[in-house]
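In mature numbering (1 follows the signal peptide of the UniProt record, and there is no 0), the protein residues as written are -19 to -1, 1 to 716.
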């Protein structure tokens, strides 16, 4: 296929405009004030972008950090796309000067934390897309400058906790998307500052009870998505949302619903309870506006116990969707086809009484604050950042939930360093010159979820280092001095979900290093010097979903260590010196793997059977910047959404014909170019004419010699994909 339609249009526009400075390798459309710098190797924001640019598309580059005032030279920007740019950090004031920007897309990067000033200066922003990052925490005030924002997308991050007033300043926000995180704690005032919110998406999280107190602040919300959460019971008057019309509680773990559960949501029209564990429902008192209840996929027991609900449906004229699972005589019958005499009672086991939902603790405590620090009663936030403190201060308010002690030269953290802080959820100790974390240092921090110890000098941890913090879920030890994983330190952390040990000096992963980390889902080991992984090194982490090993010294795929990881969906091996890839190297994780990173390795040869077992589940495959000249058969990779083959010197002879044919059938921009022979060097594999003389070229190649026919044949599938977000990869244009 030829160049993408975007590039063709922009190139044409360039010819019709006066010459304007345009940074390489970008394309500038001066008529529409658009600049595209797609899927390149830019390491920094270009400083020669035309000042009058309105739309800037930088997808697929490698910026890592967006520095302060990075876009001061382009004050007229209205749209900025930074998807898939490997961004890990937004410096405070990164977007300062972009007062006209209305759309900012930062999806599919590696951002882990949003600070208070990260988004400063975006007073006109209407849509902010942060989907698919690693955001573990949002500091209160991070969105305080976004007074025009209407859509905030935080899907697919690593959020566990939302503090009070975290969305303060979003006065006109209408849709908040928090799906596919790991949320299990919401502050009672988490949504208190969202007067215009109409839709809240909380599906695919870890909520065990309906967060009624937090949701009661959303008086104007009309749609609430809570599906795919492990909620077992909806208690009396659990939901008080005056304007709610659509409630989705599908695919949860519901076993019972109280009769007046929705009595304080009088506008409720649609209630989706599909795929739960409900044997029945009581008449729903107070839900006078209800029009439809969906109960498909529940084990409904159509006995006399269901008669009151059945009669209520008829009396209230509510449409019910669902079918009986028992008794056998009624199995498969729809609810609306039943007649009361058919619903008989025999000998039935009594249903266990549901337990009441756990209440969230109420904040309390005095308002004292250590000298030189700032304590916010509204946010339950204490900060002593960069105060040159030599000892950890005490006497913070007892209801403090976030404590920021960054950039102080503490050197050590003594035992019982944080007395009286039973409600503390997030503790920041980055860049504090810490060399020793004493046993019992965190004693009493029974609510602690996040602990940041990045950029210190820790080289070892005692087995009792985390004693007293049993709910710790996110532990960040990046940029320390560890030469091996601190074995034994994780036995006291049964709830650990995410472990960061990036950019240390770890040389191997040994058996027993991760003992006790049985709930670990995400393990980050990039930027170490790991040469060897013991076959049983990952054995304790049977729930592991992400394993990031990029930038180490592995010389082969650690196949043996991957055994026993049935949930692993992402594996990063980028920038390891793996030159050869043998047979079936990914077979242990073939049934679950979705994203595989094999780029920038100097890979010279891939066995024809290297990808045995991999197939339709693979969504993303990164092979760019390697040295092989051919690839094994990947025709069964039918679910690919991203395939990157840039900067690979393919030898475009007849042996490459199967790859040429396969690439031609993909609706992806893969970037594959010929490195040889000389007459084809630099040409796209799709367009090379060296295949025309190959035996069998005519079979199945109808129309391929005519670029126009190929382009026409691809249009239907291109149209089919056009509704997908550009975040899905290279699907906007052809290779």
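Where is the CB? At the ideal position from N, CA and C, for every residue including glycine.
Of the listed residues the options, nearest to residue i (C-alpha basis)
{"i": "residue 286", "options": "139, 669, 324 and 243", "result": "324"}
{"i": "residue 385", "options": "114, 19, 270 and 365", "result": "365"}
{"i": "residue 156", "options": "558, 176, 163 and 583", "result": "176"}
{"i": "residue 84", "options": "652, 94 and 108", "result": "108"}
{"i": "residue 644", "options": "282, 667 and 634", "result": "667"}
{"i": "residue 534", "options": "581, 524 and 564", "result": "581"}
{"i": "residue 197", "options": "174, 642 and 209", "result": "174"}
{"i": "residue 379", "options": "358, 278 and 584", "result": "358"}
{"i": "residue 514", "options": "494, 508 and 527", "result": "494"}
{"i": "residue 361", "options": "23, 673, 38 and 168", "result": "168"}
{"i": "residue 64", "options": "21, 95 and 127", "result": "21"}
{"i": "residue 649", "options": "618, 171 and 664", "result": "618"}
{"i": "residue 563", "options": "45, 613 and 254", "result": "613"}
{"i": "residue 61", "options": "130, 55, 50 and 38", "result": "38"}
{"i": "residue 276", "options": "229, 40, 270 and 249", "result": "229"}
{"i": "residue 283", "options": "307, 263, 294 and 409", "result": "307"}
{"i": "residue 678", "options": "654, 656, 659 and 640", "result": "640"}
Strand pairing of residue i, partner residues [DSSP]
{"i": "residue 630", "result": "654"}
{"i": "residue 489", "result": "513"}
{"i": "residue 603", "result": "578 and 625"}
{"i": "residue 307", "result": "282"}
{"i": "residue 182", "result": "158 and 206"}
{"i": "residue 503", "result": "479 and 527"}
{"i": "residue 275", "result": "253 and 302"}
{"i": "residue 84", "result": "60 and 108"}
{"i": "residue 232", "result": "Bridge partners of residue 232: none, in fact."}
{"i": "residue 227", "result": "204 and 251"}
{"i": "residue 356", "result": "363"}
{"i": "residue 37", "result": "16 and 61"}
C-alpha distance - residue i paired with residue j, whole-angstrom precision
{"i": "residue 538", "j": "residue 561", "result": "9 Å"}
{"i": "residue 215", "j": "residue 33", "result": "55 Å"}
{"i": "residue 13", "j": "residue 58", "result": "12 Å"}
{"i": "residue 233", "j": "residue 456", "result": "28 Å"}
{"i": "residue 574", "j": "residue 97", "result": "36 Å"}
{"i": "residue 26", "j": "residue 102", "result": "18 Å"}
{"i": "residue 471", "j": "residue 675", "result": "59 Å"}
{"i": "residue 740", "j": "residue 82", "result": "For the chain, the structure presents residues -19 to 716; residue 740 sits outside this window and is missing."}
{"i": "residue 347", "j": "residue 374", "result": "Note that residue 347 scores 43 on pLDDT, short of 50, meaning its location in the model is unreliable; the coordinates nonetheless yield the value given after this. Rounded to whole angstroms, residue 347 to residue 374 spans 16 Å at the Cα level."}
{"i": "residue 566", "j": "residue 506", "result": "20 Å"}
{"i": "residue 651", "j": "residue 670", "result": "18 Å"}
{"i": "residue 599", "j": "residue 548", "result": "14 Å"}
{"i": "residue 483", "j": "residue 432", "result": "15 Å"}
{"i": "residue 430", "j": "residue 120", "result": "14 Å"}
{"i": "residue 191", "j": "residue 212", "result": "7 Å"}
{"i": "residue 162", "j": "residue 490", "result": "28 Å"}
{"i": "residue 6", "j": "residue 259", "result": "58 Å"}
{"i": "residue 637", "j": "residue 647", "result": "16 Å"}
{"i": "residue 487", "j": "residue 188", "result": "36 Å"}
{"i": "residue 153", "j": "residue 165", "result": "26 Å"}
{"i": "residue 546", "j": "residue 570", "result": "7 Å"}
Nonlocal neighbours in the same chain, by C-beta distance under 7 Å from residue i, ignoring five residues either side
{"i": "residue 193", "result": "219, 220 and 221"}
{"i": "residue 48", "result": "72 and 75"}
{"i": "residue 419", "result": "393, 394, 395 and 396"}
{"i": "residue 447", "result": "423, 453, 470, 473 and 474"}
{"i": "residue 331", "result": "Reliability fails at residue 331, whose pLDDT of 38 lies under 50, so the model's placement of it is uncertain and the value that follows must be treated cautiously. Closer than 7 Å at the Cβ level, and outside the excluded window around residue 331, lies no residue."}
Cβ shell of residue i (< 8 Å), same chain only, five flanking positions each side left out
{"i": "residue 769", "result": "No statement about residue 769 is possible, as the shown extent of the chain runs from -19 to 716 and does not include it."}
{"i": "residue 179", "result": "155, 156, 201, 202, 203 and 204"}
{"i": "residue 53", "result": "77 and 78"}
{"i": "residue 499", "result": "475, 521, 522, 523 and 524"}
{"i": "residue 299", "result": "271, 272, 273, 274 and 293"}
CB contact check: residue i to chain B, cutoff 9 Å
{"i": "residue 602", "result": "Checking the listed chains, one finds no chain B in this structure; it contains a single protein chain."}
Integer Cβ distance of residue i from residue j, believed to fall under 8 Å
{"i": "residue 586", "j": "residue 609", "result": "6 Å"}
{"i": "residue 435", "j": "residue 467", "result": "Not quite, the Cβ-Cβ distance comes to about 15 Å (not below 8 Å), so this is no contact."}
{"i": "residue 726", "j": "residue 182", "result": "Nothing can be reported for residue 726: it is not among the residues displayed for the chain, which extend from -19 to 716."}
{"i": "residue 319", "j": "residue 291", "result": "6 Å"}
{"i": "residue 301", "j": "residue 313", "result": "In fact, because the Cβ distance is near 15 Å, the residues do not count as touching under 8 Å."}
{"i": "residue 426", "j": "residue 402", "result": "6 Å"}
{"i": "residue 270", "j": "residue 250", "result": "6 Å"}
{"i": "residue 594", "j": "residue 568", "result": "5 Å"}
Close-in-space but distant-in-sequence residues of the same chain around residue i (CB under 6 Å, 5 per side omitted)
{"i": "residue 104", "result": "80"}
{"i": "residue 529", "result": "505, 507 and 553"}
{"i": "residue 404", "result": "380, 382 and 428"}
Residue i: CB within 8 Å of a non-hydrogen atom of the ligand COA
{"i": "residue 27", "result": "This structure simply doesn't include the ligand COA, nor any ligand for that matter."}
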